[in-house]
Amino acid sequence: MEKRRLGRTGFLVTPISFGALPMQRCTMDEAGEVLIAALDAGINFFDTARAYTDSEAKIGKYIAGRRNEYFLATKSMARTKAAMTEEIAASLATMKTEYIDIYQLHNVKTEEEWEAVMAPDGALAALKEAKAAGKIRHIGITGHNVDMLIRAVKTGEFSTVQVPFNCVEQRAMNDLFPLARSLDVGMIVMKPLGGGLIDHVDLALRFVLQQEGVVAIPGMDRAEHVTENLAAAQNFRQLNPEETAKLTALAEELGPNFCRRCGYCMPCAAGIDIPQMFIFHLQYTRYGLKTAIPARYQGAKVKASACIECGECEARCPYNLPIRERIKQVAKDLG
Numbered sequence: 001m002e003k004r005r006l007g008r009t010g011f012l013v014t015p016i017s018f019g020a021l022p023m024q025r026c027t028m029d030e031a032g033e034v035l036i037a038a039l040d041a042g043i044n045f046f047d048t049a050r051a052y053t054d055s056e057a058k059i060g061k062y063i064a065g066r067r068n069e070y071f072l073a074t075k076s077m078a079r080t081k082a083a084m085t086e087e088i089a090a091s092l093a094t095m096k097t098e099y100i101d102i103y104q105l106h107n108v109k110t111e112e113e114w115e116a117v118m119a120p121d122g123a124l125a126a127l128k129e130a131k132a133a134g135k136i137r138h139i140g141i142t143g144h145n146v147d148m149l150i151r152a153v154k155t156g157e158f159s160t161v162q163v164p165f166n167c168v169e170q171r172a173m174n175d176l177f178p179l180a181r182s183l184d185v186g187m188i189v190m191k192p193l194g195g196g197l198i199d200h201v202d203l204a205l206r207f208v209l210q211q212e213g214v215v216a217i218p219g220m221d222r223a224e225h226v227t228e229n230l231a232a233a234q235n236f237r238q239l240n241p242e243e244t245a246k247l248t249a250l251a252e253e254l255g256p257n258f259c260r261r262c263g264y265c266m267p268c269a270a271g272i273d274i275p276q277m278f279i280f281h282l283q284y285t286r287y288g289l290k291t292a293i294p295a296r297y298q299g300a301k302v303k304a305s306a307c308i309e310c311g312e313c314e315a316r317c318p319y320n321l322p323i324r325e326r327i328k329q330v331a332k333d334l335g
């Protein structure tokens, strides 16, 4: 499998690499199976986060002993120097490693957050100190706000930038990627499958890989995901017009405002599994499962009708989705 140079890091990484967000749904044993399968298949770049519950611990338990076989990235929502210093120490200990290849500012999206991380006592200062001490090798930034990421890349402070990009969310292709290439900033694509809702896996990943220098990190929580995802890179070919049209039709069907199942909206104050509610509703409306889904919905411990409209979920959603409105629709349609 070809390798791609990840910008100024100089790392040569597999174009399909490992996104650990869904691995937090795995048991410890299940996580070990998928992590080892990924390494054995040749994947050499793993991306996780402090926010992904026990994903760092799973990496530390199962593949820390093979540390020379992969590049490792993690990220933190810490915004102050003191908090980020603690997070870096926790990541190193939890993943049982002496250094982390890329440590990223996680999901910087507002002016207030930007000012906080860039301040003299902000998170970036802690990352610079850790880099000088050899605890991390490069500093990156992630987010869903393309304008904010463009601003970050222009500072020259970041070796990598991580952004959602897929057949539905294409803005980065025109604005962010050309800038990143011109400044030799590595480009990491999250949500290449739209959080699992883009069901033409081969086509969707090939669409991403058509972008020069881009590295995709689809989420994987089963060993079969490794084989399925790697197929797009191992037998890569450009999309033909018919395949492009198929993805375009799917993108129009999904629209830009769909739930990516990232889980940032959770936990719900009322105990609702919000991403699962949206999955039920999508399967009910899009796939026509008019009998099976209502039956499964009735088995949910907490139904959509329990929403107390507190709005906490919407404040956390990186896509600014009208979650309360949509939960009301789920309750209306499914009970």
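Take the sequence shown: its position 300, counted from the start at 1, is 300 in UniProt numbering, and no numbers get skipped. Note that beta-carbon positions come from the ideal geometry of N, C-alpha and C, so glycine has one too. Note that the structure is predicted; figures quoted are calculated from it, not measured.
* **Spatial neighbours of Lys-81 in its chain, beta-carbon cut-off 7 Å, leaving aside the 5 residues before and after** => Asp-121, Gly-122, Ala-123, Ala-125, Ala-126
* **Spatially closest choice to Leu-321 from Tyr-52, Tyr-264, Gly-271, Gly-335, by CA coordinates** => Tyr-264
* To do: Please look up how many angstroms separate the CB atoms of Gly-311 and Thr-160, rounded, as I've assumed it's under 8 Å.
  => With 8 Å as the limit, Gly-311 and Thr-160 do not qualify as a contact, their Cβ atoms being about 33 Å apart.
* Where the alpha helix (DSSP H) containing Ile-88 begins and where it ends -> 81-94
* To do: Have a look at Leu-254 and Phe-280 and give me their C-alpha separation to the nearest angstrom.
  => 15 Å
* To do: In angstroms with no decimal places, state the Cα-to-Cα distance between Ala-306 and Thr-53.
  => 25 Å
* To do: May I ask you to report which of helix, strand or coil DSSP gives residue 339?
  => Any property of residue 339 remains undetermined from this structure, which presents the chain solely from 1 to 335.
* Could you please give the first and the last residue of the uninterrupted alpha helix (DSSP H) stretch that includes Met-277? => 274-285
* Those residues which DSSP pairs with residue 410 across a bridge -> One cannot answer for residue 410 here, as it falls past the ends of the chain, which runs 1 to 335.
* For Ile-91, count neighbouring C-beta atoms within 10 Å of its own C-beta (all shown protein chains included) and say buried if the count is 16 or more, exposed if not. => The sequence given here has Ser at residue 91, not Ile. Buried, since its Cβ has 16 or more Cβ neighbours within 10 Å.
* From Pro-275, Ile-88, Thr-110, Lys-109, pick the residue whose C-alpha is nearest to that of Ala-133; which is it? -> Ile-88
* State yes or no: is the C-beta of Arg-171 within less than 9 Å of the C-beta of Val-146? => yes
* Give the DSSP-derived three-state secondary structure of Met-190 in the structure shown. => strand
* Asked: Is it right to say Met-95 is buried, meaning 16 or more other beta carbons lie within 10 angstroms of its own, or is it exposed?
  -> buried
* Asked: Taking all protein chains shown into account, do 16 or more other C-beta atoms lie within 10 angstroms of the C-beta of Ile-308, making it buried, or fewer, making it exposed?
  -> exposed
* Rounded to whole angstroms, what's the CA-CA distance from Ala-20 to Cys-262? Just pull it up for me. => 11 Å
* Could you round the C-beta distance between Asp-47 and Ser-17 to whole angstroms and report it? I think they count as a contact, below 8 Å. => 7 Å
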